[in-house]
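Residue numbers (this note's numbering), protein chains in the order written: chain A, 1 to 385; chain B, 1 to 287.
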């Protein structure tokens with residue numbers, strides 16, 4: 001029994017070591033964009049000296065150096081290859097990360113604390129893409145992202161309308177009948193409230209769904225569960241007690257894949273070396289073929305997203321909508337966002353449009369006439385998955 | 001039976017119909033088939049497809065097994081429930097599975113369409129109350145030495161919690177006979193149906209425990225007016241981890257299904273046939 005317990009602890013530590021190593025490699029990949037060449041001998045010497053000084057009784061200085069030489073060699077290997085990096089908000093294992101991998105299985109997902117960090121990172125050229133949720137079928141719009149899309153210098157290159165399956169996760173081997181409390185993001189808890197009350201569980205609000213799964217795994221909490229996605233279960237080695245525990249309604253989240261607007265990258269161009277512009281086209285085509293490979297049933301739509309403001313006058317919004325109605329164009333989303341000035345609104349509109357459609361020129365001309373400002377967020381393919 | 005308040009028939013033609021998806025239990029002929037216990041994903045899924053092919057309308061399979069000996073296979077537990085869930089998603093057959101512990105009721109309800117209360121637990125009153133609270137349809141077996149009155153009182157425990165979706169299931173009682181595992185009491189079927197509005201099923205697998213007797217007793221149950229049957233079927237009975245002597249092969253089950261299908265249609269038209277014959281006789285007498 002004792003041997004078993006110690007071995008279990010060792011497995012747990014190994015999981016943590018590997019998670020941290022992955023985080024370190026992630027930083028190395030991001031760093032590549034900022035340095036001129038892969039090998040930086042001074043920095044490597046500095047790291048080695050540092051780990052030697054940190055070594056303890058069991059981990060000798062020689063062993064630490066040997067280990068880190070190997071780790072840095074692997075870092076350099078990774079840096080010589082080209083990667084498509086995509087930032088998402090939340091911890092590893094979040095639904096946004098699942099969206100990144102759904103869009104492009106070869107991309108390197110980079111976790112960020114806030115949505116603002118993603119937009120800042122794109123403008124600074126730290127990563128190539130960002131994947132952000134814009135609306136959920138049960139939870140409504142993600143207001144913060146809408147505001148950032150308004151002010152940010154980004155364009156939409158892809159959209160994913162993804163089915164969200166909330167899973168109840170627990171530490172493997174624990175008794176599901178002893179689960180009393182369940183940790184997750186407030187929105188996930190509210191979407192699963194019927195399940196939670198049916199089973200007499202106590203909901204505990206946590207900052208993130210995947211964060212709750214990570215905490216559960218790290219603390220090896222018994223008598224508790226987390227609600228997160230299947231990816232979180234896999235990453236943190238948790239057991240899925242039950243899939244699809246959300247209520248009657250299907251939970252679907254729509255994600256935008258965004259990048260720095262082309263032609264607007266001049267500020268960051270010095271450091272990015274045009275990676276956003278150069279890396280993108282092939283990247284998108286890779287994702288298409290990956291989607292084809294997976295052989296899953298997929299439905300796609302060609303769409304366009306715009307943002308505009310109208311004068312606060314009777315009939316102005318109607319005049320804009322009438323342009324689409326007259327052209328027989330199907331609107332798929334309309335959203336109003338209040339601005340700083342009371343009474344003034346900015347509107348988001350998504351509509352079905354082929355970018356090659358010749359009638360679009362006249363539609364955009366008419367739109368300009370009837371709006372104070374007009375911004376095209378992008379033409380993109382939307383994947384329903 | 002003066003103690004009955006909710007399970008007894010109040011008016012003629014007053015019968016409980018339980019709807020699960022498109023199934024109407026109490027109206028349609030319902031056949032629950034599947035292995036005694038869920039042993040593996042492969043075993044359950046193959047059995048599920050085979051019984052569906054043969055015409056079964058619901059799938060059974062135990063995840064928690066009440067075994068005579070604590071050393072016998074106790075079931076796969078949660079893993080078994082997940083396999084049942086998968087079988088439902090793939091075949092579309094609603095799931096019937098046994099619950100043996102009050103702590104399991106809410107969890108088993110998450111996976112099952114019908115909770116089964118086994119013969120050994122029919123008088124476990126806290127389990128009955130808990131099953132009542134779950135709101136799920138309950139298949140209530142008859143205790144192995146339970147009288148009709150005791151059995152209906154067990155149903156009252158579930159009804160008293162506001163859950164009227166109960167299926168009574170006769171599974172044989174203890175008698176002096178040792179050739180059969182239990183003595184299947186088919187007389188209880190019309191008796192229960194005359195006193196109670198609840199649908200009555202018959203389980204000939206446990207009721208006889210003898211392979212050759214399952215088909216004839218299934219047919220007898222239909223003739224006695226049973227609303228459905230629960231039959232154990234295993235994809236490979238000799239390899240079964242429990243009840244290997246009373247689980248039918250899919251082929252034997254398919255043959256049984258064809259026979260009871262015809263029998264049920266005949267039973268449905270029996271009253272009409274009798275009336276037609278009476279008319280003919282009447283005419284002949286006039287002549």
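Where a beta carbon is used, it is the ideal one built from N, C-alpha and C, also for glycine.
Around the C-beta of residue i, are 16 or more other C-beta atoms found within 10 angstroms, so that it is buried, or is it exposed?
i	result
residue 7 (chain A)	exposed
residue 224 (chain A)	buried
residue 151 (chain A)	exposed
residue 13 (chain A)	exposed
residue 212 (chain B)	exposed
residue 56 (chain A)	exposed
residue 145 (chain B)	exposed
residue 286 (chain B)	exposed
residue 60 (chain A)	exposed
residue 278 (chain A)	Caution is warranted here: a pLDDT of 35 is assigned to residue 278 (chain A), below 50, making its placement in the model unreliable, and the coordinate value is therefore given only provisionally. So residue 278 (chain A) counts as exposed.
residue 278 (chain B)	exposed
residue 185 (chain A)	buried
residue 3 (chain A)	exposed
residue 246 (chain A)	buried
residue 1 (chain B)	exposed
residue 179 (chain B)	exposed
residue 88 (chain A)	buried
residue 171 (chain A)	buried
residue 136 (chain B)	buried
residue 303 (chain A)	buried
residue 231 (chain B)	buried
residue 237 (chain B)	buried
Excluding the five sequence neighbours on either side, which residues of its own chain have a C-beta within less than 6 Å of the C-beta of residue i, listed in chain order?
i	result
residue 282 (chain B)	none
residue 240 (chain B)	234, 247
residue 188 (chain A)	166, 209, 227
residue 309 (chain A)	346, 372, 373
residue 72 (chain B)	none
residue 332 (chain A)	350
Could you say which of the options lies nearest to residue i if we only look at CA atoms?
i	options	result
residue 22 (chain B)	B:92, B:134, B:217, B:187	B:92
residue 126 (chain B)	B:114, B:158, B:252	B:158
residue 189 (chain B)	B:227, B:252, B:214, B:180	B:227
residue 199 (chain A)	A:51, A:82, A:66, A:179	A:179
residue 149 (chain B)	B:130, B:134, B:116, B:122	B:122
residue 161 (chain A)	A:255, A:53, A:115	A:255
residue 226 (chain A)	A:364, A:196, A:96, A:385	A:196
residue 139 (chain B)	B:58, B:11, B:223, B:51	B:58
residue 93 (chain A)	A:121, A:10, A:122, A:229	A:229
residue 45 (chain B)	B:207, B:89, B:19	B:89
residue 244 (chain A)	A:106, A:221, A:175, A:164	A:164
residue 51 (chain A)	A:72, A:36, A:365	A:72
residue 239 (chain A)	A:43, A:204, A:176, A:193	A:176
residue 81 (chain B)	B:99, B:276, B:187, B:67	B:99
Here's a check: name, in chain order, each residue in its chain whose Cβ is nearer than 7 Å to the Cβ of residue i, leaving out the five neighbours to either side.
i	result
residue 9 (chain B)	195, 196, 197
residue 106 (chain B)	134
residue 91 (chain A)	111, 208, 210, 211, 214
residue 116 (chain A)	148
residue 183 (chain B)	172, 173, 175, 177
residue 319 (chain A)	370
Near residue i, what residues of its chain come up, given a Cβ to Cβ distance below 8 Å and the 5 sequence neighbours on each side ignored?
i	result
residue 85 (chain B)	95, 111
residue 284 (chain A)	Caution applies to residue 284 (chain A), whose pLDDT of 38 falls short of 50 and renders its modelled position unreliable; the value that the coordinates give is listed next. Here the set comprises 157, 158.
residue 260 (chain B)	29, 31, 218, 219, 222, 229
residue 101 (chain A)	107, 109, 231
With a threshold of 7 Å (Cβ to nearest heavy atom), would residue i be considered close to the ligand PLP?
i	result
residue 219 (chain B)	Absence of the ligand PLP from the depicted structure is noted, as is the absence of any ligand whatsoever, leaving it without description.
Hey, is residue i's beta-carbon within less than 8 Å of any beta-carbon in chain C?
i	result
residue 75 (chain A)	The structure shown contains no chain C; the protein chains it does contain are A and B.
- With 9 Å as the C-beta to C-beta threshold (strictly closer), list the residues of the segment 221-246 of chain A near chain B in chain order. 239, 240, 241, 242, 243, 245
- Item | Against chain A: residues of the segment 96-113 of chain B by CB proximity under 9 Å | 101, 103, 104, 106, 107, 109, 110, 111
- Item | Residues in the segment 198-214 of chain A having any Cβ partner in chain B nearer than 8 Å | 198, 199, 200
- Message: To test your reading of the DSSP string, which unbroken alpha helix (DSSP H) runs of 4 or more residues are found completely within the segment 138-199 of chain B?
- Response: Unbroken alpha helix (DSSP H) runs of no fewer than 4 residues, entirely contained in the segment 138-199 of chain B, are found at 148-159, 188-195, following chain order.
- Item | Whole runs of the beta strand (DSSP E) within the segment 195-257 of chain B, excluding any shorter than 3 residues | Within the segment 195-257 of chain B, the runs of beta strand (DSSP E) that reach at least 3 residues and sit entirely inside it are, in chain order, 200-202, 228-232.
- Item | Uninterrupted alpha helix (DSSP H) stretches inside the segment 38-75 of chain A (no shorter than 4 residues) | Restricting attention to alpha helix (DSSP H) runs no shorter than 4 residues, the segment 38-75 of chain A encloses them at 41-54, ordered along the chain.
- Message: If the cut-off is 7 Å on Cβ atoms, which residues from the segment 69-85 of chain B count as contacting chain A, listed in chain order?
- Response: 78
- Message: List, from N- to C-terminal side, the beta strand (DSSP E) runs of 3 residues or more that fit wholly inside the segment 221-259 of chain A.
- Response: Restricting attention to beta strand (DSSP E) runs no shorter than 3 residues, the segment 221-259 of chain A encloses them at 224-228, 239-242, ordered along the chain.
- Quick one: which residues of the segment 166-177 of chain A get their C-beta closer than 8 Å to a C-beta of chain B? List them in chain order. 176, 177
- Query: Mind pulling the beta strand (DSSP E) runs of 3 or more residues that sit fully within the segment 1-76 of chain B?
  - Reply: 18-20, 23-25, 30-34, 58-60
- Which ranges would you report for the beta strand (DSSP E) in the segment 299-342 of chain A if only whole runs of at least 3 residues count? Whole beta strand (DSSP E) segments, 3+ residues: 299-309, 331-338.
- In chain order, which continuous runs of the alpha helix (DSSP H) of length 4 or greater are located wholly inside the segment 135-178 of chain A? 143-151
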